[in-house]
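Heads up: the sequence shown is residues 9 to 140, going by this note's numbering. The beta-carbon is built from N, C-alpha and C at its ideal position, and this holds for glycine as well. Values in this document were obtained by computation on a predicted structure and should not be read as measured data.
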Amino acid sequence: MDRNKELVELKRENEKLQKSLNSLKEQYNCLETEFVNLQTEYSENIIIQSMNEMKTRYDIMIKTTVPTYKFTLLNEKYNKLVKNYSGCSVLVDYIIKLIQKSERDIVNRKDILLKAELELITIKEILEDSIK
9 MDRNKELVEL KRENEKLQKS LNSLKEQYNC LETEFVNLQT EYSENIIIQS
59 MNEMKTRYDI MIKTTVPTYK FTLLNEKYNK LVKNYSGCSV LVDYIIKLIQ
109 KSERDIVNRK DILLKAELEL ITIKEILEDS IK
């Protein structure tokens, strides 16, 4: 009988151990599933964070740069404007020289020509100042 008792006890103990083993296996499976889920979430979070960083960099780049076509248009307008101012300055110089030449020819209208020359010199200075 003693032997039977021992066998019964061993069976009970074995059943308890089997239950514990099953419980541990279930916990292990749950932990493994949770681990996989956490890895997936971590991967997704890294992707989202990377996308956010890229968006931030893009926004900074957009704020600090000018599109090429706008720069080209503005540069062309600026160059045309400088050429026009330079052309006006050369034209005024030419008119002044013509007035000085005509001074020699026409003595009576010297006052009118001097006034016109002074006005043209003033216009030339204004144009040169606006170029700078």
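CA-to-CA distance, residue j to residue i, given in whole angstroms
{"i": "I55", "j": "Y86", "result": "45 Å"}
{"i": "F88", "j": "D101", "result": "Rather than Phe, the amino acid found at residue 88 in this sequence is Lys. Rounded to the nearest angstrom, the two C-alpha atoms are 20 Å apart."}
{"i": "E23", "j": "R11", "result": "18 Å"}
{"i": "T64", "j": "I131", "result": "51 Å"}
{"i": "V90", "j": "A124", "result": "25 Å"}
{"i": "L32", "j": "C38", "result": "10 Å"}
{"i": "D67", "j": "F79", "result": "19 Å"}
{"i": "V98", "j": "I129", "result": "12 Å"}
Supposed contact pair residue j and residue i - C-beta distance, whole angstroms, cut 8 Å
{"i": "L126", "j": "C96", "result": "At roughly 17 Å, the Cβ-Cβ gap does not stay under 8 Å, so L126 and C96 are not in contact."}
{"i": "L121", "j": "S110", "result": "6 Å"}
Residue i CB to nearest heavy atom of the ligand PLP below 7 Å
{"i": "V90", "result": "With respect to the ligand PLP, the structure shown offers nothing to examine, as it has no ligands at all."}
Enclosing alpha helix (DSSP H) for residue i [first to last residue]
{"i": "T48", "result": "10–72"}
Interface flag, residue i vs chain D, CB-CB below 8 Å
{"i": "N22", "result": "Included in the structure is just one protein chain, with no chain D present."}
Using a Cβ distance threshold of 8 Å, determine whether the stretch 64–77 contacts the stretch 89–109, with at least three qualifying pairs required. no
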